[in-house]
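Undergrad: Under the numbering used here, the sequence shown has 528 at position 528, and the numbering climbs by one with no breaks. Think of the CB as a built atom: it goes at the ideal place given N, C-alpha and C, for glycine as much as any other residue. Please read all numbers here as calculations on a predicted model, not as lab measurements.
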Amino acid sequence: MRIGGEVVELSWGVWEDWVRAGRIPHDALIQFDAVTGSEWARAEDLEMYTSLRNDAAIEWQHQFRWGPPPVLTALLVGVQIRIWWSTWIPGVEEALVDRFTNWAPPVLEDGEVWRLLSMGFLHVTTDHLFLNMMWLAYTGWNIERALGRANLGALYLASVLGGSVLSTLMSPETPSLGASGGVFGLVAASVVFGLVRPELLPARGRRVFGLAMLPYLVLMFSSGLMNARTDNWAHFGGLAVGAILALLLDPEPLQRRERWNLKVHLVLGALSLTLLLGLFLGGPRLERIVDSDVLRSRLAELRGARAPEVALEGYRPLTYAVPAGWKPGIDAARGTAHVSPVADGALRAWGVRPRNREMIQTTEAIAEAWIASLRREWPHAEISEPSSDEVAGWPGLKIIATIDAGAEPRRLEWRGVARGAWTLEEVWQVDLAREARLRPLRDRLRRSVVWGEPTELLEARRDAERLPGSVRFRSRLALALVRTGQVDEALALHEALIAEDPSDPQRWLDALEVVQTGLPQIEDPGSWWRRALEASSGPRLIDAVARGLAADDQLEVARGLLQLAWRASPGERTLKRALRRLDLPTELDPETGVPWLLVHDPLTGAPREAPQPQPLTLEAAAIAGAQLAQQRRTVTAAAVAAVIAGDRAGLVPVLVLRMGRAPTGDPDVLEALATELEAAIDDRVPAWMPPELVEALVEHPEYVGIVRSSEP
């Protein structure tokens, strides 16, 4: 090769390298025996030269080495540092985090799609900023020299957007911010560019592209996987977008077709705008909903707590979904729910509340209870009349309520259904401004509710089918049936059990438990109580009948029945516990061992003749109960009169109300009574004290001193 007056002899390998590197000019003279023979020829006239030389690649390599300063990289880094500095101003950090972080609920529910890009410029901690800006400056500078400013901007913004969208859809429970998605996109682009364009890179370029960057990418991604609080979906989304764009974008001098990069930019912009518009318009349809138990486990893991066990493979009588980004909280009626983090959880809520109650319920009753709870919190709420609707496929009721909470009025939709003792309530709460927008989300959540047979009923059926002769299993099945509202089938089972052995008290006890549970739907519970009392007069059976009577709002009859049984069996422990449960006296006369009130006048304490025993029937119990009620009214009136008159002799009815007897010779009794009377005056009323007596004491507090000065 001759350049000017200098002649250089080259090997073929050196010739190829020099031509590709642009070190041999077009007008250099070349002599190659196999091509030119002994003649000299201009390099540009030889195919062996033109086939190897790529002027565009040579221009790119020159720009890569000596190109303009990385203005866009510096701008990206500088803007983010400035934003971070601004968070030092009081109140700015909270405002930026509240309005510009990426979080699924505000993005999808309120259409705040700008968060998907703004999060890529926001940092609030120094270490987060330092790591991201270090990698942004390093990879951004190299890519800006290799692909140009426009491609760098497209890569960064698209990677941020791709990471944000993936994070929003796949990790909605976690708010995220920072340039990590964009940084992962740039690092991935550096790896891919070096792998697909190795012939372009000079030796120095191979140290910042391709396989040289792959270990850093793997290390960065794996370190994120080991941290539960890292938004790995944003990292992965940015990585994937950056890698794909590195395959599509070309260095400016080396575009595969005319204006290729511009076309890629236009398509990328159109896709981004379409994506943002789709999220803005269809956010509530895209918001991820997950099984409530799965979300509970995930939130426990994020808090570092032990995750509850989730039996997704086994049978669960109730399953429902909740928005994945919502947290446990309460709704406006103070009911448990999952709440949207928007506006600190005050606006939107979704609650599905099953309850297992002691007795059969009606849907109307639980509707009234919910209205009452809402009225306690919002006395001026506008509440509609209950109307028919379906709840998890079962016929129930619906109530619409509107509460005016200042600038954010809210609407609550309550739906409920009762199946025996099992009840289910759904409550959807939403701010009126977003009610129409969030209706698709509400519909998806409602469709997710599946309410099947209770586990106890399925297990009871299985056991009864396995051992059809077992009394215990058949009784369990009857109780499970009545608790799901299947009263007739439950009673039929007990009729069959009692017919097999009418004298077995346990069969009657089991039957009475079913009767008490199913009271609202049993036409004549009294027939069961009468038959039970005829079959047995044992204390447990009497207690069971009394419980049923009290549950049926026949408290006076229940007290009368227990009083009759107590007369017949004074001191019996089961009856004693039952009497105390219904606020009846259990004191016995120390001399005769019979109930004290039977042999003493409750007004004076003087001895009297005990009444004749009465049969244990409902009719006799009704009479005895009425007598007890009248006796209490009489004693109360006497006690009130004694307080008003300041009568020491009136201590007997006061003591009878408190203790069921009037003890003598014990000064501690009077001191304890005086203390309780003082407490009642101070609005700390003991359970035994009737309201009439409290009113009299408040008007005549001097009676406390009379009690203390009295002789025991």
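1) Check whether the Cβ atoms of Leu108 and Leu273 lie closer than 8 angstroms to each other.
2) If you draw a straight line from the alpha carbon of Arg376 to that of Asp682, how long is it in whole angstroms?
3) Quick check on Val208: does DSSP put it in helix, strand or coil?
4) Please work out which residues of its chain come closer than 8 angstroms, Cβ to Cβ, to His600, disregarding the five sequence neighbours upstream and downstream, and give them in chain order.
5) Using only alpha-carbon positions, find the residue among Phe221, His123 and Asp127 that is nearest to Leu177.
6) Report buried or exposed for Val7, applying the criterion of at least 16 other Cβ atoms within 10 angstroms of its Cβ.
7) Assess, as a yes-or-no matter, whether the segment 139-147 is touched by the segment 382-390 under the definition of 3 or more beta carbon pairs within less than 8 angstroms.
8) Can you list, in chain order, the stretches of the alpha helix (DSSP H) that have 4 or more residues and sit fully within the segment 498-574?
9) Measuring only the C-alpha atoms, how far is Ala146 from Thr125?
10) Figure out for me which residue from Ile24, Glu711, Val698 and Met1 has the closest Cα to the Cα of Asp33.
11) Please determine, among Gly163, Arg648, Thr574 and Val79, the residue with the shortest C-alpha to C-alpha distance to Leu603.
12) Considering just the uninterrupted stretch of the alpha helix (DSSP H) at Val107, what are its terminal residues?
13) What are the boundary residues of the beta strand (DSSP E) that includes Asp389?
14) At which residue ranges does the segment 389-464 contain complete beta strand (DSSP E) runs of 3 or more residues, listed in the order of the chain?
15) Taking 8 angstroms as the threshold (beta carbon to beta carbon), is Asp552 in contact with chain D?
16) Pick from Leu200, Phe209, Gly185 and Ala343: whose alpha carbon is nearest that of Ala21?
17) Roughly how many whole angstroms lie between the Cα atoms of Ser470 and Leu477?
18) Could you give the residue range of the alpha helix (DSSP H) that holds Trp596?
19) For Arg447 and Pro284, I'd like the C-alpha separation in whole angstroms.
20) Could you round the C-beta distance between Ser292 and Val322 to whole angstroms and report it? I think they count as a contact, below 8 angstroms.
21) Kindly list the residues whose CB is nearer than 6 angstroms to the CB of Trp233, restricted to its own chain and excluding five residues on each side of it in sequence; keep chain order.
22) List the whole-angstrom C-beta distance separating Gly518 from Val487, where the pair is believed to meet the contact cut-off of C-beta under 8 angstroms.
23) Is DSSP giving Glu258 helix, strand or coil here?
24) Going by C-alpha to C-alpha distance, which of Thr319, Leu276 and Ser373 sits closest to Arg296?
25) Nearest to Leu157 by CA position, among Ser180, Thr174 and Glu173, is which residue?
26) Just mark Val218 as buried or exposed, buried being the case when its beta carbon has 16 or more other beta carbons within 10 Å.
27) Once the 5 residues before and after Pro70 are set aside, which same chain residues still bring their CB inside 6 angstroms of it?
28) Assign Ile371 to one of three DSSP states: helix, strand, or coil.
29) Please name the residue, chosen from Leu616, Pro611, Asp510 and Ser503, that lies closest to Arg559 on a Cα-to-Cα basis.
30) For Ala311, which of helix, strand or coil comes out of DSSP?
31) Please go through the same chain and pick out, in chain order, the residues whose beta-carbon is closer than 6 angstroms to the beta-carbon of Ala544, but skip the five residues on each side of it.
32) Anyone know if the C-beta pair for Thr73 and Ala137 falls short of 8 angstroms?
33) So, helix, strand or coil for Arg42, using DSSP?
34) Please report the Cβ distance between Arg540 and Pro505, rounded to the nearest whole angstrom; I am assuming they are in contact, meaning their Cβ atoms lie under 8 angstroms.
35) What's the gap between the Cα of Ala578 and the Cα of Thr586?
36) Excluding the five sequence neighbours on either side, which residues of its own chain have a C-beta within less than 7 angstroms of the C-beta of Val704, listed in chain order?
TA: Once the coordinates are examined:
1) Locating residue 108 in the sequence shown gives position 108, counting from the first residue. Locating residue 273 in the sequence shown gives position 273, counting from the first residue. Taking 8 angstroms as the Cβ cut-off, Leu108 and Leu273 do not qualify as a contacting pair.
2) For this step, residue 376 is matched to residue 376 along the sequence shown. For this step, residue 682 is matched to residue 682 along the sequence shown. One C-alpha to the other measures close to 27 angstroms.
3) Along the sequence shown, read from residue 1 onward, the residue named residue 208 stands at position 208. Here Val208 sits in coil by DSSP.
4) For the purposes of this step, residue 600 is taken as the residue at position 600 of the sequence shown. The residues are Asp589, Ala606, Pro607, Arg608, Arg661 and Ala662.
5) On the sequence shown, residue 177 is found 177 positions in, with the first residue counted as 1. Closest by alpha carbon: His123.
6) By one-based count along the sequence shown, residue 7 stands at place 7. Exposed: under 16 other Cβ atoms inside 10 Å.
7) no
8) 505-517, 525-535, 539-551 and 555-568
9) Here residue 146 refers to the residue found at position 146 when the sequence shown is read from its first residue. Here residue 125 refers to the residue found at position 125 when the sequence shown is read from its first residue. Answer to the nearest angstrom: the Cα atoms are 31 angstroms apart.
10) Counting from one through the sequence shown, the residue named residue 33 turns up at place 33. Among Ile24, Glu711, Val698 and Met1, the Cα nearest to that of Asp33 belongs to Met1.
11) Numbered from its first residue, the sequence shown carries residue 603 at position 603. The residue with the shortest Cα to Cα distance from Leu603 is Arg648.
12) The residue labelled residue 107 in the question sits at position 107 within the sequence shown. Unbroken run through Val107: none, as it is neither H nor E.
13) Taking the sequence shown and counting its residues from 1, the one referred to as residue 389 is at position 389. Per DSSP, Asp389 belongs to the beta strand (DSSP E) from Ser387 to Val391.
14) 394-403, 410-419 and 422-431
15) The structure shown contains no chain D; it holds only a single protein chain.
16) In the sequence shown, residue 21 corresponds to position 21, counting from 1. Nearest C-alpha to Ala21: Leu200.
17) On the sequence shown, position 470 is the one that residue 470 refers to. On the sequence shown, position 477 is the one that residue 477 refers to. Roughly 11 angstroms between the two C-alpha positions.
18) Counting from 1 along the sequence shown, the entry for residue 596 is found at position 596. Residues Trp596 to Val599.
19) Position 447 of the sequence shown, counted from the start, is the residue given in the question as residue 447. Position 284 of the sequence shown, counted from the start, is the residue given in the question as residue 284. Spanning the two alpha carbons is a distance of roughly 14 angstroms.
20) Counted from its first residue, the sequence shown places residue 292 at position 292. Counted from its first residue, the sequence shown places residue 322 at position 322. With 8 angstroms as the limit, Ser292 and Val322 qualify as a contact, their Cβ atoms being about 5 angstroms apart.
21) Along the sequence shown, read from residue 1 onward, the residue named residue 233 stands at position 233. Closer than 6 angstroms at Cβ, skipping near neighbours: Leu166, Ser167, Met170 and Ser171.
22) Locating residue 518 in the sequence shown gives position 518, where the first residue counts as 1. Locating residue 487 in the sequence shown gives position 487, where the first residue counts as 1. At roughly 4 angstroms, the Cβ-Cβ gap stays under 8 angstroms, so Gly518 and Val487 are in contact.
23) Within the sequence shown, residue 258 is the residue found at index 258, counting from 1. Three-state result, Glu258: coil.
24) Residue mapping note: residue 296 aligns to position 296 of the sequence shown, counting from 1. Of the candidates Thr319, Leu276 and Ser373, the one whose C-alpha sits nearest the C-alpha of Arg296 is Thr319.
25) By 1-based counting over the sequence shown, the position of residue 157 is 157. Looking at the Cα atoms, Ser180 is the closest of the given residues.
26) Within the sequence shown, residue 218 is the residue found at index 218, counting from 1. Classification for Val218: exposed.
27) Here residue 70 refers to the residue found at position 70 of the sequence shown. Answer for Pro70: Trp141 and Glu144, listed in chain order.
28) One-based indexing of the sequence shown puts residue 371 at position 371. In this structure, Ile371 counts as helix in the three-state DSSP scheme.
29) On the sequence shown, residue 559 is found 559 positions in, with the first residue counted as 1. Residue Leu616 is the option with its Cα nearest to Arg559.
30) Here residue 311 corresponds to residue number 311 of the sequence shown, with the count starting at 1. Model confidence at Ala311 stands at a pLDDT of 44, short of 50, so the residue's coordinates are unreliable and nothing is read from them.
31) Taking the first residue of the sequence shown as 1, we reach residue 544 at position 544. Correct list, in chain order: Leu509 and Leu512.
32) In the sequence shown, counting from the first residue as 1, residue 73 sits at position 73. In the sequence shown, counting from the first residue as 1, residue 137 sits at position 137. Closer than 8 angstroms, so yes.
33) If you number the sequence shown from 1, residue 42 lands on position 42. Residue state, collapsed to three classes: strand.
34) Residue numbering aside, residue 540 sits at position 540 when the sequence shown is read from its first letter. Residue numbering aside, residue 505 sits at position 505 when the sequence shown is read from its first letter. Rounded, the Cβ-Cβ distance is 7 angstroms, consistent with contact.
35) Along the sequence shown, one-based indexing puts residue 578 at 578. Along the sequence shown, one-based indexing puts residue 586 at 586. Going by the C-alpha atoms only, they are around 10 angstroms apart.
36) The residue you call residue 704 lines up with position 704 of the sequence shown. Cβ within range, chain order: Ala674, Leu677 and Glu678.
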